[in-house]
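> Our numbering numbers the first residue of the sequence shown as 405 and each following residue consecutively.
Even for Gly, the Cβ is constructed at its ideal location relative to N, Cα and C.
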Amino acid sequence: MITPRFKLTQDDNFVFINIRAPYSNLRELDIYVDENVFLFSCKPYYLRLILPGNIIENERMKTSFDTDLGEFSFTCPKQNPGEHFKDLDLITKLLVPKVEAQLNEGTINIEVLSENVNDNDVNINNCEDHLNNDNIDRTNLNYGFGFALRARKDFVKISSMFDDVFEIDPCQVALLERRKLRIQYEQGKFNVDHYIADFSEDAEINEIIALQSPWARLSKSDFSFTDHELDFLKDLPNIQYCISEEQNNYCMNGLLDILFAYCYDQRSTCFEKNIESGWTIVKLAATLNWLDVFDSPKEALTTSFRRSVIYPLYRNFNLSQKVFEDLKHIISLDERYIIRILIDIHQIFLKGDCCRYILNNLFIRDYITYIMKWHKDLWQSLVQETLKLEIRKEDLGLNLQEIENDFKLHEKFAAMKLDVERDSDDSEYTSSEDTSDDSSSSEYSTDSETDSDDYSDPAYNLPEHLK
405 MITPRFKLTQ
415 DDNFVFINIR
425 APYSNLRELD
435 IYVDENVFLF
445 SCKPYYLRLI
455 LPGNIIENER
465 MKTSFDTDLG
475 EFSFTCPKQN
485 PGEHFKDLDL
495 ITKLLVPKVE
505 AQLNEGTINI
515 EVLSENVNDN
525 DVNINNCEDH
535 LNNDNIDRTN
545 LNYGFGFALR
555 ARKDFVKISS
565 MFDDVFEIDP
575 CQVALLERRK
585 LRIQYEQGKF
595 NVDHYIADFS
605 EDAEINEIIA
615 LQSPWARLSK
625 SDFSFTDHEL
635 DFLKDLPNIQ
645 YCISEEQNNY
655 CMNGLLDILF
665 AYCYDQRSTC
675 FEKNIESGWT
685 IVKLAATLNW
695 LDVFDSPKEA
705 LTTSFRRSVI
715 YPLYRNFNLS
725 QKVFEDLKHI
735 ISLDERYIIR
745 ILIDIHQIFL
755 KGDCCRYILN
765 NLFIRDYITY
775 IMKWHKDLWQ
785 SLVQETLKLE
795 IRKEDLGLNL
805 QEIENDFKLH
815 EKFAAMKLDV
825 ERDSDDSEYT
835 SSEDTSDDSS
845 SSEYSTDSET
855 DSDDYSDPAY
865 NLPEHLK
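1) Please specify which runs of the alpha helix (DSSP H), each continuous and at least 4 residues long, are wholly inside the segment 568-608, giving them in chain order.
2) Is K687 buried or exposed, if buried means 16 or more other CB atoms sit within 10 Å of its CB?
3) Give me the Cα-Cα distance between K812 and F721, rounded to the nearest whole angstrom.
4) For the segment 668-736, which segments carrying the alpha helix (DSSP H) assignment without a break, of at least 4 residues, lie completely within its bounds, in sequence order?
5) Where do the ends of the beta strand (DSSP E) carrying Q644 lie?
6) Can you check whether the C-beta of E794 is within less than 8 Å of a C-beta belonging to chain C?
7) Given a threshold of 16 other Cβ atoms within 10 Å of its Cβ, counted over all protein chains shown, does I679 qualify as buried or as exposed?
8) Three or more beta-carbon pairs under 8 Å between the segment 450-459 and the segment 474-490, yes or no?
9) Provide the residue(s) that pair with P426 in DSSP beta bridges, ordered along the chain.
10) What residue does the alpha helix (DSSP H) around K755 start on, and which one ends it?
11) Rounded to the nearest angstrom, what separates E650 and R556 at their Cα positions?
12) Look at the Cβ atom of S612, then the Cβ atom of R671, and state whether they are nearer than 8 Å.
13) So, are the CB atoms of I743 and G682 less than 8 Å apart?
14) Beta-carbon separation of I421 and L634 under 8 Å?
15) Roughly how many whole angstroms lie between the Cα atoms of Q414 and W778?
16) Can you grab the Cα-Cα spacing for the pair T630 / Y761, in whole Å?
17) Cutting at 6 Å between CB atoms, please list the residues of its own chain near G486, excluding the five before and the five after it.
18) Once you ignore the five residues that flank C759 on each side, which residues in its own chain have a CB closer than 8 Å to its CB?
19) Can you give the Cα-Cα distance for E590 and K726, rounded to whole angstroms?
20) With burial defined as no fewer than 16 other Cβ atoms inside 10 Å of the residue's Cβ, what is the status of S625: buried or exposed?
21) May I ask which residues mark the beginning and end of the alpha helix (DSSP H) holding L637?
22) Specify the secondary structure class of Y450 as computed by DSSP and reduced to three states.
23) Out of M820, E729, I734, H733, which one is the CA nearest neighbour of I795?
24) Under the rule that 16 or more other beta-carbon atoms within 10 Å means buried, what is Y427, buried or exposed?
25) Which of the three DSSP states is assigned to E650 in this structure?
26) Spell out a yes or no on whether the segment 799-809 and the segment 771-788 are touching, meaning 3 or more CB-CB pairs, one atom from each, closer than 8 Å.
27) Taking 8 Å as the cut-off, decide whether the C-beta atoms of L660 and P701 are in contact.
28) Throw me the rounded Cβ distance for the T684 and D669 pair, which I believe falls under 8 Å.
29) Please classify E475: does DSSP put it in a helix, a strand, or coil?
30) Along the chain, where does the alpha helix (DSSP H) that runs through T790 open and close?
Right, dumping it as structure tokens:
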């Protein structure tokens, strides 16, 4: 059976359910309403919704079908007039929920279909026990990967297919070792010449920095999902995640890392994306490229800044700061904007000849469902911490300030030398008018030797990368 596209709205007294089912057989239409359950069946379509409040089927309920649009419209009275049904636009939450079930050690997680309970009540006690469990198996987390480190499969069997996506095999490299290897690898990849070139010749970069982001003009209220986004959300599984506090922390900080990478790609392409967007996002987000995790926003964003001056086309700290401002705009908005961005990332990863689609299964789809159900107070606390956060050049461990100072000093010395040479030329010109040609030639030779002696000082022997 096909899950049709659907959309829900409400007023004080009714819930309005629109279902697009253009190829339905009207003779087989069946509607069922029971408290918070709404069931629609009309071959080849089937939809079962679990609403956040109760509706009733009586003479006030209305049904209509638009033959031109192929849409059903249902007007369902609320059992309690005036009651507000939360998050009706987050349609994945309204689908029949699935619950994670932990099996014995050595097996994989499974998702159990639940048909008779409200999504908000699904195995909530089990989840709370799991979240409060102080004896979580650290071995599994140390070698886990993907969203909340939940993946446990034998990565060796598929790693050869994704050499362009992942830098390590997570089943062979523990979390702490991943971080050490990543930092060493980044140090080796940092190119001083490229960084200085973007630091000194920054006209194009400054134009990019001056662009106004599309998020700066948005507010929390003006949002609605597009039909394409609704089609995507209806096909997501409605999973109730049972993850520990530690895993939840990893998830939220990893999300900052991914969003920073997306913001960088958007700004560096003038908010138009290009064929390299998938590469840029993966390369900048250590969460994706190294399957790494972070304990705090400072740790996650310091890594994002580091990688933004090591890998992409534009390697400029001021550009990274502007990207950070874009990120702050996004996380200050409603989480629905983040869901929209993740759907866009999902589409980006589906394109290109590199197998980045694996990241959708390991991270992106889970993140979208997770955001609909996360603890909003915890997220807002992390947002406030991030808004107050400042990343300095010294935090990156790449000696950026020293490199810039050396370059400025070199430029200053070069300018001084040029001024002296100009003064010498002026002196020669004046002298040639007052003396004979032979005498002038002799004086010029003497001056040149003096200049050569003066500027043979070791202070002018700068490092090769600054010459």
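Checking against the coordinates, here is how it stands:
1) Counting whole runs of 4 or more residues, the segment 568-608 contains the alpha helix (DSSP H) stretches 579-593, 596-604.
2) Taking the sequence shown and counting its residues from 1, one reaches residue 687 at position 283. K687 is buried by the Cβ-count criterion.
3) Walking along the sequence shown from the start, residue 812 turns up at place 408. Walking along the sequence shown from the start, residue 721 turns up at place 317. Cα-Cα distance, rounded: 16 Å.
4) You should have 681-688, 690-693, 701-712, 721-736.
5) Taking the sequence shown and counting its residues from 1, the one referred to as residue 644 is at position 240. Under the DSSP assignment, Q644 falls in the beta strand (DSSP E) whose first and last residues are 642-644.
6) Protein chains in the displayed structure number just one, and chain C is not present.
7) Against the sequence shown, residue 679 aligns to sequence position 275. So I679 ends up on the exposed side.
8) The segment 450-459 is in contact with the segment 474-490.
9) Indexing the sequence shown from 1 puts residue 426 at position 22. Beta-bridge partners assigned by DSSP to P426: none are found.
10) Your numbering for residue 755 matches position 351 in the sequence shown. Counting along the chain, K755 falls outside any alpha helix (DSSP H), and DSSP gives it neither H nor E.
11) What you label residue 650 is simply residue 246 of the sequence shown in a count that begins at 1. What you label residue 556 is simply residue 152 of the sequence shown in a count that begins at 1. In a straight line, the C-alpha of E650 is about 17 Å away from that of R556.
12) In the sequence shown, the residue the question calls residue 612 occupies position 208. In the sequence shown, the residue the question calls residue 671 occupies position 267. The amino acid at residue 612 is misidentified as Ser; the sequence shows Ile. In terms of Cβ geometry, I612 and R671 form a close pair [threshold 8 Å].
13) Taking the sequence shown and counting its residues from 1, one reaches residue 743 at position 339. Taking the sequence shown and counting its residues from 1, one reaches residue 682 at position 278. Contact flag unset, no.
14) Translated into the one-based positions of the sequence shown, residue 421 becomes position 17. Translated into the one-based positions of the sequence shown, residue 634 becomes position 230. Contact: no.
15) On the sequence shown, position 10 is the one that residue 414 refers to. On the sequence shown, position 374 is the one that residue 778 refers to. The straight-line gap from Cα to Cα measures roughly 24 Å.
16) Taking the sequence shown and counting its residues from 1, the one referred to as residue 630 is at position 226. Taking the sequence shown and counting its residues from 1, the one referred to as residue 761 is at position 357. Distance from the CA atom of T630 to the CA atom of Y761, rounded to whole angstroms, is 22 Å.
17) Residue numbering aside, residue 486 sits at position 82 when the sequence shown is read from its first letter. Apart from sequence neighbours up to five positions away, the residues of its chain that approach G486 with a beta-carbon distance below 6 Å are D416, ordered along the chain.
18) The sequence position of residue 759 within the sequence shown is 355, counting from 1. Within the same chain, Cβ atoms closer than 8 Å to the Cβ of C759 are found at M565, F566, D568, V569, the five residues on either side in sequence being excluded.
19) Within the sequence shown, numbered from 1, the residue matching residue 590 stands at position 186. Within the sequence shown, numbered from 1, the residue matching residue 726 stands at position 322. E590 and K726 have their C-alpha atoms roughly 22 Å apart.
20) For the purposes of this step, residue 625 is taken as residue 221 along the sequence shown, with counting starting at 1. Its Cβ having fewer than 16 others within 10 Å, S625 is exposed.
21) Residue mapping note: residue 637 aligns to position 233 of the sequence shown, counting from 1. Its alpha helix (DSSP H) spans residues 631-638.
22) Counting from one through the sequence shown, the residue named residue 450 turns up at place 46. Strand at Y450.
23) On the sequence shown, residue 795 is found 391 positions in, with the first residue counted as 1. Residue E729 holds the alpha-carbon nearest to the alpha-carbon of I795 among M820, E729, I734, H733.
24) On the sequence shown, residue 427 is found 23 positions in, with the first residue counted as 1. The residue in question, Y427, is exposed, as its Cβ has fewer than 16 Cβ neighbours within 10 Å.
25) As a first step, residue 650 must be located in the sequence shown, where it is residue number 246. It is helical.
26) No contact exists between the segment 799-809 and the segment 771-788.
27) Taking the first residue of the sequence shown as position 1, residue 660 is located at position 256. Taking the first residue of the sequence shown as position 1, residue 701 is located at position 297. Yes, Cβ-Cβ distance for L660 and P701 is below 8 Å.
28) Counting from 1 along the sequence shown, the entry for residue 684 is found at position 280. Counting from 1 along the sequence shown, the entry for residue 669 is found at position 265. Going by Cβ atoms, the distance from T684 to D669 rounds to 4 Å, so yes, they are a contact pair.
29) The residue you call residue 475 lines up with position 71 of the sequence shown. Judged by DSSP in its simplified three-state form, E475 adopts strand.
30) As a working mapping, residue 790 is identified with position 386 in the sequence shown. Annotation for T790: the continuous alpha helix (DSSP H) segment containing it runs 780-791.
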